[in-house]
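Reading through the structure tokens given below for one structure.
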Amino acid sequence: MAENIQTSENELIKRCRYREEEALDSMLRRYLPMVRHIVSRYHYTTLEREDLLQEGLIGLYVALMQYDETYGIKFSSFAYICILRKVLNAIKQSSKAGNKTLNEALSLNYQIGYDENRALIDLIEAESGDPWDRLDRKNSDISFYKVLKEQCSLLEFAVSVLLTEGYSTSEIENVLGIEAKVIDNARTRLKRKLSRLLLENGSVCQAGGKKRRKREDLYYQLPCSVGQK
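Following this line, the structure appears as structure tokens:
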């Protein structure tokens, strides 16, 4: 049943590529609750809610234009990443926080699609002799996020996305509304999990068929449609 729903959704996505108004309207109505859910988390920003909703819808449109079934993840998960990334970029530009260099352990950039917004996963440890340096960049693709969803909690995922956008710990505190210690702990757990995957499988883009128990964070809950298998 779930496979049939996904197939039907993929057909709608293909029709969206041809700018079919009915298909675009259908996907907009289907994923508007997700956009609202993401926007509702960011109250501190100087941007109006309607402005953030507009940015989120642009992110959804980008997802519709760039999604590829060969990514190996459901469209709902891909759309969540694109929408969140677009909203966070808008907040960062509005707050004029600047692009602070992260002299911290983890830097995550992921490659999605084929336009100016895409980036490459770059896992680099600031200190020398770290296993992160052995990452094969040929494996740096969207499959990394599938592994991240399986292995990490939502808090760890949110922290990784914000680090990707160049947020400092204090800025992440404002965005997520949590203490710096919680953020540092999430980053440490994320680093440890990805380092383990790299050592076990030689890549962070495949979990090796071994799912780990994920920490249950009290801070966040994904909408039921996000990341479902």
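Taking the numbering used here, I'd label the letters of the sequence shown as residues 86 to 314.
For every residue, glycine included, the Cβ atom is placed at its ideal position computed from N, Cα and C.
If you're wondering where the values come from, they're calculated on a predicted model, not measured in any experiment.
The alpha helix (DSSP H) with I123 in it runs from where to where?
-> In the DSSP annotation of this structure, the continuous segment of the alpha helix (DSSP H) that includes I123 starts and ends at E106 to V124.
Taking DSSP as the reference, what is the three-state secondary structure of W132?
-> Just to set this straight, residue 132 is Leu in the shown sequence, not Trp. Coil.
Could you check where the alpha helix (DSSP H) with R238 kicks off and where it finishes?
-> First, the amino acid is wrong: residue 238 is Ser here, not Arg. Boundaries cannot be given for S238, as no alpha helix (DSSP H) includes it and DSSP labels it neither H nor E.
Anticipated Cβ contact below 8 Å, L247 with L173, distance rounded = L247 to L173, Cβ: 7 Å. Contact.
Where S253 falls: helix, strand or coil (DSSP) = DSSP places S253 in coil when its eight states are reduced to three.
Secondary structure of D269, DSSP reduced to three states = When secondary structure is reduced to three states using DSSP, D269 falls in the helix class.
Which residues in the same chain as L138 place their Cβ atom closer than 8 Å to its Cβ, once the five residues preceding and following it in sequence are excluded?
-> Contacts found: V120, R121 and V124.
DSSP-derived helix/strand/coil call for G157 = DSSP, read as helix, strand or coil, puts G157 in coil.
Three-way DSSP call (helix, strand, coil) for E94 in this model = Three-state DSSP puts E94 in a helix.
Determine the contact status of A148 and A164, defining contact as a CB-CB distance below 8 Å.
-> If you check the CB distance, A148 and A164 come in under 8 Å.
Please report how far the alpha carbon of L109 lies from the alpha carbon of L284, in whole angstroms.
-> Within the model, the alpha-carbon separation for L109 versus L284 is close to 43 Å.
With 16 other CB atoms within 10 Å as the buried threshold, where does Y241 fall?
-> Tyr is not the amino acid found at residue 241; the sequence shown has Glu there. That one is buried.
Leaving out five residues on either side along the sequence, give the residues of the same chain with a beta carbon under 8 Å from the beta carbon of V244.
-> These residues qualify, in order along the chain: I257, L261, I268, A271, R272 and L275.
State the DSSP-derived secondary structure class of I166, mapped to helix, strand or coil.
-> It is helical.
With 16 other CB atoms within 10 Å as the buried threshold, where does S161 fall?
-> With 16 or more Cβ atoms within 10 Å of its Cβ, S161 is classed as buried.
How long is the line joining the alpha carbons of S179 and Y116, rounded to whole angstroms?
-> Looking at the backbone, the Cα of S179 and that of Y116 are separated by about 25 Å.
Taking DSSP as the reference, what is the three-state secondary structure of G141?
-> Three-state result, G141: helix.
With DSSP run on the structure shown, which of helix, strand or coil describes E264?
-> In this structure, E264 counts as coil in the three-state DSSP scheme.
Distance between Y103 and S253 (C-alpha atoms, nearest Å) = Each residue's Cα considered, the two are about 40 Å apart.
Under three-state DSSP, which class holds Y127?
-> Assigned with DSSP and collapsed to three states, Y127 falls in coil, not helix or strand.
DSSP three-state assignment for V146, whether helix, strand or coil = The identity of residue 146 in the sequence shown is Tyr, whereas the question assumes Val. Y146: helix per DSSP, three-state reduction.
From this set, K266, R277 and I263, which residue's C-alpha is nearest C237's C-alpha?
-> Restricting attention to K266, R277 and I263, the CA atom closest to the CA of C237 is found in R277.
Spatial neighbours of L169 within its chain, please: CB distance less than 7 Å, with the 5 preceding and 5 following residues excluded, ordered by chain position.
-> Excluding sequence neighbours, L169 sits near I123 and V246.
Kindly examine the ligand GDP and report whether one of its heavy atoms sits closer than 7 Å to the Cβ of R170.
-> Of ligands this structure carries none, so the ligand GDP is not represented either.
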